[in-house]
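Read left to right, the sequence shown gives residues 1 to 289 (full-length UniProt numbering).
Glycine is no exception: its CB is placed at the ideal position from the N, C-alpha and C atoms.
Predicted, not measured: the structure shown is a model, and the values here were computed from it.
Right, one structure below, let's go through it.
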Amino acid sequence: MAEAVLHAWIASGRQIAEVWSGEPERLGKALGHPHIVFRDIGALRSPLPDAPATADTLFTLFTLRIVPPRLIERFGRRGVNFHPALLPFYKGAVPRLAMLKEEAAGRHGGVTAHVIESGLDEGPIIAQAAVRLGPTETGPAWEDRLALAAARLMVVDVVAFLDGRGRAVPQDPEAGFYRRRIPGEFLIDSQKSVAEAEKILWTGRRTVFVCRPDGGFSGRSHTFVNRFGRRLGPPTGKAAVWTPFRAELDLADGRVSLLRPSPGDKIMAAFRRRRRIRRARSIGRAAQL
Numbered sequence: 001m002a003e004a005v006l007h008a009w010i011a012s013g014r015q016i017a018e019v020w021s022g023e024p025e026r027l028g029k030a031l032g033h034p035h036i037v038f039r040d041i042g043a044l045r046s047p048l049p050d051a052p053a054t055a056d057t058l059f060t061l062f063t064l065r066i067v068p069p070r071l072i073e074r075f076g077r078r079g080v081n082f083h084p085a086l087l088p089f090y091k092g093a094v095p096r097l098a099m100l101k102e103e104a105a106g107r108h109g110g111v112t113a114h115v116i117e118s119g120l121d122e123g124p125i126i127a128q129a130a131v132r133l134g135p136t137e138t139g140p141a142w143e144d145r146l147a148l149a150a151a152r153l154m155v156v157d158v159v160a161f162l163d164g165r166g167r168a169v170p171q172d173p174e175a176g177f178y179r180r181r182i183p184g185e186f187l188i189d190s191q192k193s194v195a196e197a198e199k200i201l202w203t204g205r206r207t208v209f210v211c212r213p214d215g216g217f218s219g220r221s222h223t224f225v226n227r228f229g230r231r232l233g234p235p236t237g238k239a240a241v242w243t244p245f246r247a248e249l250d251l252a253d254g255r256v257s258l259l260r261p262s263p264g265d266k267i268m269a270a271f272r273r274r275r276r277i278r279r280a281r282s283i284g285r286a287a288q289l
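Pasting the structure below:
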């Protein structure tokens with residue numbers, strides 16, 4: 001999602017000094033601007049180092065890293081975070097998965113741009129775009145719309161705010177809520193129901209399914225699945241089985257077949273990424289008019 005925002009920003013005629021990312025090489029190739037410095041955020045010491053002296057604005061795009069106080073102080077109102085939910089609801093690290101699990105994406109799905117402050121996701125709101133999940137929409141399609149909404153917020157609303165043509169509205173401290181992540185809630189294990197597994201896999205993301213060959217579950221051995229295949233029947237008590245293409249196992253209330261990532265999935269993901277980038281660039285160019 002962050003990639004679409006970066007493409008829109010560049011297409012709108014603006015510059016980037018540095019990008020700190022978990023995928024610096026891929027982003028560097030995708031953006032194709034040799035003057036931009038790309039750094040692996042996982043290799044940076046904690047707390048994060050100082051930003052480059054040439055930077056006058058800090059954007060954090062759907063990141064789990066905490067911005068250190070010195071960077072908040074340095075950039076002030078020019079430090080902006082993009083959060084994939086309609087704040088003040090679903091503050092925290094897992095808004096999209098939590099909304100899907102709790103069937104709240106039709107009410108609180110969207111993107112919020114807000115000023116970065118010391119409180120997590122609590123800064124004044126610059127702009128929001130509702131991107132509510134449709135009744136028949138797939139997870140990847142919804143995430144595409146979230147990415148493009150964020151790109152539009154960046155080059156229109158956030159730019160206006162940074163130029164002094166907009167204002168940020170403080171959040172009501174009594175409204176909304178912080179959604180904490182419960183350890184293991186988005187992993188598929190023998191305690192999950194079939195319905196829970198379907199919700200976890202609905203996004204089409206690569207999801208960890210942890211299993212021992214004897215049918216038990218352990219953090220020492222795992223495989224990846226990314227789609228729900230079908231319910232095979234009630235629990236059988238038999239050991240879990242996996243092949244290069246699927247995993248078959250007992251859940252709490254049924255035996256299921258789960259599909260593993262395939263070369264076709266990678267091709268489709270690359271196609272969606274290219275299409276999302278083209279649209280983001282169009283949004284950026286339109287902002288120049």
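Name the one or two DSSP bridge partners that residue i has.
| i | result |
| --- | --- |
| Trp9 | Per DSSP, none; premise fails for Trp9. |
| Asn81 | Thr60, His114 |
| Glu178 | It is worth fixing the name first, because residue 178 is Tyr in this sequence and not Glu. In the DSSP output, where bridge partners are listed per residue, Tyr178 has Lys91. |
| Glu18 | Val37 |
| Arg276 | The partner list for Arg276 (beta bridge, DSSP) is empty, contrary to what the question assumes. |
| Ala247 | Trp242, Leu258 |
| Gln128 | Thr112 |
| Val159 | BP columns for Val159 are empty, so no partner. |
| Gly42 | Paired residues: none, contrary to the question. |
| Gly233 | Arg255 |
| Val169 | Ile125 |
So, for residue i: in the same chain, excluding its five sequence neighbours on each side, which residues have a beta-carbon less than 6 Å away from its beta-carbon?
| i | result |
| --- | --- |
| Ala55 | Ala17 |
| Ala85 | Pro95, His108 |
| Lys101 | Lys199 |
| Gly284 | Ala8, Ala11, Ser12, Val155 |
| Gly106 | Arg132, Leu133 |
| Ala286 | none |
| Ala151 | Ala4, Val5, Ala8, Ala280, Ile283 |
Please look up how many angstroms separate the CB atoms of residue i and residue j, rounded, as I've assumed it's under 8 Å.
| i | j | result |
| --- | --- | --- |
| Gly92 | Arg165 | Not confirmed; about 31 Å, so no contact. |
| Arg246 | Arg260 | 6 Å |
| Trp20 | Ile41 | 4 Å |
| Arg276 | Ala147 | 6 Å |
Measure from the alpha carbon of residue i to the alpha carbon of each residue in the options, then state which is nearest.
| i | options | result |
| --- | --- | --- |
| Ala252 | Pro234, Arg273, Gln128 | Pro234 |
| His33 | Ala147, Pro52, Phe228, Gly13 | Gly13 |
| Val225 | Thr236, Leu187, Ala4 | Leu187 |
| Phe82 | Arg70, Glu117, Leu201 | Glu117 |
| Val194 | Glu174, Pro173, Gly229 | Gly229 |
| Gln15 | Met1, Ala4, Thr57, Ala149 | Thr57 |
| Lys29 | Ala53, Glu185, Glu3 | Glu3 |
| Gly98 | Glu185, Pro263, Val67 | Checking the sequence shown, residue 98 turns out to be Ala, not Gly. Cα-wise, what sits closest to Ala98 is Glu185. |
Apart from the five residues just before and just after residue i, which ones in its own chain have a Cβ nearer than 8 Å to its Cβ?
| i | result |
| --- | --- |
| Glu248 | Leu232, Ala240, Val241, Trp242, Arg255, Val256, Ser257, Leu258 |
| Leu87 | Thr112, His114, Asp121, Ile125, Gln128, Gln171, Gly176 |
| Ala197 | Ile188, Phe228, Leu251, Val256, Leu258 |
| Tyr178 | Lys91, Gly92, Leu120, Asp121 |
| Gly22 | Asp40, Ile41, Gly42 |
| Thr236 | Asp250, Arg255 |
Grab me the residues of residue i's own chain with a C-beta within less than 7 Å of its C-beta, minus the 5 sequence neighbours each way, in chain order.
| i | result |
| --- | --- |
| Gln191 | Ala252 |
| residue 291 | Given that the chain is displayed from residue 1 to residue 289, the structure contains no residue 291 and the question cannot be resolved. |
| Leu162 | Thr57, Arg78 |
| Pro69 | Ser118 |
| Phe62 | Met1, Ala2, Phe82, Pro84 |
| Gln288 | Ser12, Gly13 |
Can you find a C-beta in chain B that's less than 8 Å from the C-beta of residue i?
| i | result |
| --- | --- |
| Gln15 | Here chain B cannot be found, since the structure has a single protein chain. |
task: May I ask you to verify whether the stretch 116-136 touches the stretch 148-162, counting CB pairs closer than 8 Å and requiring at least 3?
output: yes
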